[in-house]
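J.:
Residue numbers (our numbering): 76 to 317.
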């Protein structure tokens, strides 16, 4: 939804995965790389293995809500291979784990307009924060964030479960409240921009923040008792709202 209505805020908190960076595509490409390697080593059809991997993921996500799905992709690789009749040993698991995470770390996708947006927000005097879930590998999220060229624009970077240890995840409003305190702002002076209705929108609203749902990379299918204040599919549209 695009609107010319504006909200008066002093701070913007961005989610990272599938908001500022297209993590969905990078993960898909990382899996494809790994399973092409596995197919080559075990002499099986690579397209069939990729198809099996995609089907496995779709069925697993149907059973569990996104909030409860394990994001240990190394475990997923092992399970997908096993589902295709391939039993990986410990050394093989470790090799494919490193191959996958190295790809994700060094192949992050993002819009070339992100820098333009953040520059404009800083010029307007808005405080900027990044609030993200920790990755399954300790320290990986911080390393991934440090590799995007626009990380220096943020006044505050919070990784739930690492930066604020007593918060295990973004599941709950406490990490949002603490982020507001660290920014030196009241929650109602802040807008949260994220891709998930359950973690980003619901918890931001419960903390007292405004909330904008971003649908540019994935369409949120979770349930929330709160509706976002706005919905955008292009980050540059934020300049007409905030």
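In this text, a Cβ means the ideal position worked out from N, Cα and C, and glycines have one as well.
Between the alpha carbons of residue 145 and residue 151, how many angstroms are there, rounded?
T.: Confidence at residue 145 is low in this model, with a pLDDT of 49, below 50, so the placement of that residue is unreliable and no value is reported for it.
J.: Look at the alpha carbon of residue 384 and the alpha carbon of residue 267, and state the distance between them as a whole number of angstroms.
T.: What the structure shows of the chain is the stretch from 76 to 317, and residue 384 is not part of that stretch, so it cannot be assessed.
J.: If you run the structure through DSSP and keep just helix, strand and coil, what is residue 257?
T.: Of the three classes helix, strand and coil, the one that applies to residue 257 here is helix, per DSSP.
J.: On the DSSP bridge list, what partners appear for residue 232?
T.: Partner(s): 205.
J.: Considering residue 289, what are the terminal residues of the beta strand (DSSP E) in which it resides?
T.: 285 to 289 is the span of the beta strand (DSSP E), which, as asked, contains residue 289.
J.: Indicate whether the contact test is met: 3 or more Cβ pairs, each with one atom in the stretch 211 to 229 and one in the stretch 173 to 186, closer than 8 Å.
T.: With the cut-off at 8 Å, the stretch 211 to 229 and the stretch 173 to 186 touch.
J.: Grouping DSSP H, G and I as helix and E and B as strand, with all else coil, what is residue 265?
T.: Strand.
J.: By DSSP's criteria, residue 92 is part of a beta bridge. Which residues make up the other side?
T.: Note: residue 92 sits in a beta bridge opposite 96.
J.: How many angstroms separate the CA atom of residue 201 from the CA atom of residue 83?
T.: Roughly 11 Å separates the two Cα atoms.
J.: When the Cα of residue 148 is compared with those of 99, 184 and 223, which residue comes out closest?
T.: When only C-alpha atoms are compared, the closest one is 99.
J.: Using 8 Å as the cut-off, can you tell me whether the stretch 271 to 289 makes contact with the stretch 238 to 257, which would need three or more C-beta pairs spanning the two stretches below that distance?
T.: Yes, since at least three Cβ pairs between the stretch 271 to 289 and the stretch 238 to 257 fall closer than 8 Å, the two stretches touch.
J.: Apart from the five residues just before and just after residue 94, which ones in its own chain have a Cβ nearer than 7 Å to its Cβ?
T.: Only 268, 269, 270 and 289 meet the Cβ criterion.
J.: Do we get a CB-CB distance below 8 Å when we pair residue 104 with the residues of chain C?
T.: The structure shown contains no chain C; it holds only a single protein chain.
J.: Between residue 293 and residue 103, what straight-line distance do the alpha-carbon atoms span, to the nearest angstrom?
T.: Straight-line Cα distance between these residues: approximately 13 Å.
J.: Who are residue 86's beta bridge partners in DSSP?
T.: Residue 86 pairs with 202 and 265.
J.: Which one or two residues does DSSP pair with residue 239 in a beta bridge?
T.: The partner list for residue 239 (beta bridge, DSSP) reads 235.
J.: What residue range does the beta strand (DSSP E) around residue 223 cover?
T.: Premise fails: residue 223 is in no beta strand (DSSP E) and is neither H nor E.
J.: In terms of DSSP beta bridges, what is residue 305 paired with?
T.: Paired residues: 287.
J.: One question on the structure: do residue 244 and residue 90 come within less than 8 Å of each other, judged by their Cβ atoms?
T.: No; because the gap between Cβ atoms is not below 8 Å, this pair is not in contact.
J.: Is residue 145 helix, strand or coil when you go by DSSP?
T.: Below a pLDDT of 50, predicted positions are generally treated as unreliable, and residue 145, at 49, falls in that range; no measurement from the model is reported.
J.: Give the straight-line distance between the Cα atoms of residue 169 and residue 163, rounded to the nearest whole angstrom.
T.: Roughly 10 Å separates the two Cα atoms.
J.: Looking only at its own chain, which residues have a Cβ that is under 7 Å from the Cβ of residue 192, when we skip the five neighbours before and after it?
T.: For residue 192, where only same-chain residues beyond five positions count, the Cβ hits under 7 Å are 310, 311, 313 and 314.
J.: Using CA atoms only, rank isn't needed, just tell me which of 228, 175, 187 and 171 is closest to residue 198.
T.: Considering only alpha carbons, the answer is 228.
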